[in-house]
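Working notes, beginning with the structure itself.
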Amino acid sequence: MLESYLTGLLVCGGIIIAIGAQNAYVLSQAIRREHHWWSAGLCMISDVVLFSAGMLGISAALMAVPEALEVLRWLGVVFLGWLAVQAFVRAGRGRNRLETGEAGAKSLKGVLFTTLAVTLLNPQVYLDTLLLIPAIGAQQESATSFVAGASSASILWFGGLAWGGSALAPLLSRPIAWRIIDGLIGLMMAGIALHLAISGLG
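According to our numbering, the sequence shown is numbered sequentially starting from 17.
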């Protein structure tokens, strides 16, 4: 059981870290201290649900309707492209550090909606959580321990992003820091959108 748990922790931890759009958004919210724990918590819950669903066999249903992945792919391209444009505009205009409750801050509803979008509109998320992870988990001695390890990886990672980003926020008080952050976020979102588009056309 311990081996299955550790396998889930390590394998899924690597996969979660590689899903860039979700990480970039949670980190940016944490740095702004803008409903970041809500955003991180929603990512954790989404991962646990998807891991569990994959192990319960929903991956078979998804494979039966491959068109669903393509629809999600192009929705993801559009949404990530929109986020990239917003980040580039902010980088060009510049801005001061934002604190929770400051004028112009995003509402909790808006943050949760965007978190769900960057999580669920990325086809790679489904390929990883509903196909790749169940394929590995099925080979483990204890599927339950494997899912527990995968869930722990998500909780540790997103908890670390929320805490770490918030802790670094006082160091990022200069407007130039926000130009750099927004520029990097824009490049990451645009890169992921381009990768999804190229994969779809290929």
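The beta carbon of each residue, even a glycine, is placed where N, CA and C say it ideally should be.
Query	Result
Can you tell me whether DSSP reads Ala93 as helix, strand or coil?	In the sequence as displayed, the identity of residue 93 is Val instead of Ala. Val93 falls in the helix class under three-state DSSP.
So the alpha helix (DSSP H) Ser168 belongs to, where does it begin and stop?	Ala159 to Leu184
For the alpha helix (DSSP H) containing Lys122, name the first residue and the last one.	Lys122 -> no alpha helix (DSSP H), and no H or E assigned at all.
Excluding five sequence neighbours on each side, which residues of the same chain lie with their C-beta closer than 7 angstroms to the C-beta of Ser182?	Ala46, Arg49 and His52
Cα-Cα, which of Thr135, Ser123 and Leu91 is closest to Ala213?	Leu91
State the Cα-Cα distance for the pair Trp179 and Ile201, rounded to the nearest angstrom.	19 angstroms
So which of Val42, Phe67 and Val64 has the shortest CA-CA distance to Ser55?	Val42
Of all the options Glu157, Ser215, Ile208 and Arg109, which has the alpha carbon lying nearest to the alpha carbon of Pro191?	Arg109
When you compare the CB positions of Phe174 and Met17, do they come within less than 8 angstroms of one another, or not?	no
Does the beta-carbon of Pro241 have 16 or more other beta-carbons within 10 angstroms, so that it is buried, or is it exposed?	In the structure displayed, the chain extends from 17 to 218; residue 241 sits before or after that span and is not available.
Consult DSSP for Arg49 and reduce its assignment to one of helix, strand or coil.	coil
Use the C-beta contact count for Leu96: other C-beta atoms within 10 angstroms, 16 or more gives buried, fewer gives exposed.	buried
Okay, do the region 124-134 and the region 159-172 touch, 3+ Cβ pairs below 8 angstroms being the bar?	no
Between Gly165 and Ser68, is the Cβ-Cβ spacing less than 8 angstroms?	no
Return no unless some Cβ of chain C is closer than 8 angstroms to the Cβ of Arg195.	Note that chain C does not occur in the displayed structure, where there is just one protein chain.
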